[in-house]
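The structure under discussion appears below in the form of structure tokens.
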Amino acid sequence: MDQHLLVFVTVADRQNFSRAAEELHMTQPAVSQYIHALERTIGTKLLERSNKYVRLNKAGEIVYHHAREILGLYTRMQSLVDDLMNTPSGHLTIGASYTYGEYVLPHVIARLRQYYPMITPTITIHNSTVIAELVAKRQLDVGIVEGEYVDEKMCVEPFADDRMYLIASPEHRLAGQSEVSIDELMKETWIVREEGSGTREAAEKMFRQLQFTPHKRMEFGSTQVIKESVEAGLGISLLSYWAIRKERKLGTLCTLKVTGTPVTRDFSLVTKSEEFHTKALDIFMDLIRTHVPEGAHT
1 MDQHLLVFVT VADRQNFSRA AEELHMTQPA VSQYIHALER TIGTKLLERS
51 NKYVRLNKAG EIVYHHAREI LGLYTRMQSL VDDLMNTPSG HLTIGASYTY
101 GEYVLPHVIA RLRQYYPMIT PTITIHNSTV IAELVAKRQL DVGIVEGEYV
151 DEKMCVEPFA DDRMYLIASP EHRLAGQSEV SIDELMKETW IVREEGSGTR
201 EAAEKMFRQL QFTPHKRMEF GSTQVIKESV EAGLGISLLS YWAIRKERKL
251 GTLCTLKVTG TPVTRDFSLV TKSEEFHTKA LDIFMDLIRT HVPEGAHT
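Read in order, the letters of the sequence shown are residues 1 to 298 in UniProt numbering.
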């Protein structure tokens, strides 16, 4: 591995020479020497330095982007060579959308660690669009995304479906109705996720299918905040079964009966096309495909 690139990426990530030196188990002068040597090789300064911060300049952003990809390729190469020893091991970078990542993935990781303790996973949770972009940039080995995702340069494999329900507070005026009309839904305040979220995509698709547009919306970047807001009576929302199953059991959230619901969507595995898979990645993907969460068919 090119130590110069590793040191540079660590300094850029930590935005501090001292913290980078500590993480790399090096002295601060040694870190500075590596950075100066890399800048001499590239032929220009890569970092803007002051007493308060260390930041990438324009040239640094270019080098950083490619350095991350080079280091990722090196790690993947090393993992593939290690696989020849028939020992599933190594680092595995996994990304997941909020719903799957927060409510299902921890149980899959627990199984992975139980049966394959030599595999070390690192988890990134973000909305589906960001996760797919990180996989495309080789900053993640695999991503789990929600909804409809198509990219010719990516391998997209649907592996499970998800049911999404309209939810409200048990004290909401629509709670307990045998059937909620579209006119009543239009009058409500809808609490939705941000653009790029698979949950937001599912809500917009439902609005089109039911042929109405909500008059009032509130947008939040967290499923947990949406649940708390709905419980507080601020509005209604569309969320995954996995996100609300505990609240339904506790009786703090209820589902509304509306024609055309629950809404179904896919969870998909996303990887780079035509790339070698490490044994660790293949094992993880098999665990994902075979994992049946508790209550999946209730």
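By construction, the Cβ of each residue, glycine as well, lies at the ideal position given by its N, Cα and C atoms.
For the pair L166 and I182, the Cα-to-Cα distance works out to about 12 angstroms. Under the three-state reduction of DSSP, M118 is assigned to coil, being neither helix nor strand. G143 carries a strand assignment under DSSP once its states are collapsed to helix, strand and coil. About 5 angstroms separates the CB atoms of S229 and I191; that is less than 8 angstroms, so the two are in contact. Under DSSP, the beta-bridge partners assigned to M154 are K272. With at least 16 other beta carbons inside 10 angstroms of its own, I144 counts as buried. Across the set L253, K257, M77, the C-alpha of K257 shows the shortest separation from the C-alpha of E179.
Distance from the Cα of V270 is smallest, within the candidate group T213, D141, F207, for D141. Scanning its chain for C-beta atoms nearer than 6 angstroms, with the 5 sequence neighbours on each side dropped, one finds no residue around H126. Here DSSP, grouped into helix, strand and coil, assigns R193 to coil. Taking C-beta atoms as the reference points, M164 and V263 count as a pair closer than 9 angstroms.
DSSP places T264 within a strand segment (E or B) once states are collapsed to three. Setting aside the 5 residues that flank it on each side, T199 is surrounded in the same chain by R193, each with a C-beta closer than 6 angstroms to its C-beta; the list follows chain order. Check the Cα spacing between T99 and each of S240, K216, Q209: the tightest is with S240. With contacts defined by Cβ atoms closer than 9 angstroms, S32 and E152 do not form a contacting pair.
The three-state secondary structure of V180, taken from DSSP, is coil. Looking at the backbone, the Cα of E201 and that of I62 are separated by about 32 angstroms. Partner residues in a beta bridge of G43, as assigned by DSSP, do not exist.
Cβ contact annotation for I283 (same chain, cutoff 8 angstroms, sequence separation greater than five): P88, L112, Y116, I119, in chain order. For K279, the enclosing alpha helix (DSSP H) begins and ends at 279-290. Beta bridge pairing from DSSP links H91 with T120. Distance from the CA of V9 to the CA of G43, rounded to the nearest whole angstrom, comes to 17 angstroms. The straight-line gap separating the alpha-carbon atoms of V104 and G251 is approximately 21 angstroms.
Look at D13 here: in three-state DSSP terms it is helix.
For F159, the secondary structure class from DSSP, reduced to helix, strand or coil, is strand. Rounded to the nearest whole angstrom, the CA to CA distance from L238 to L92 is 32 angstroms.
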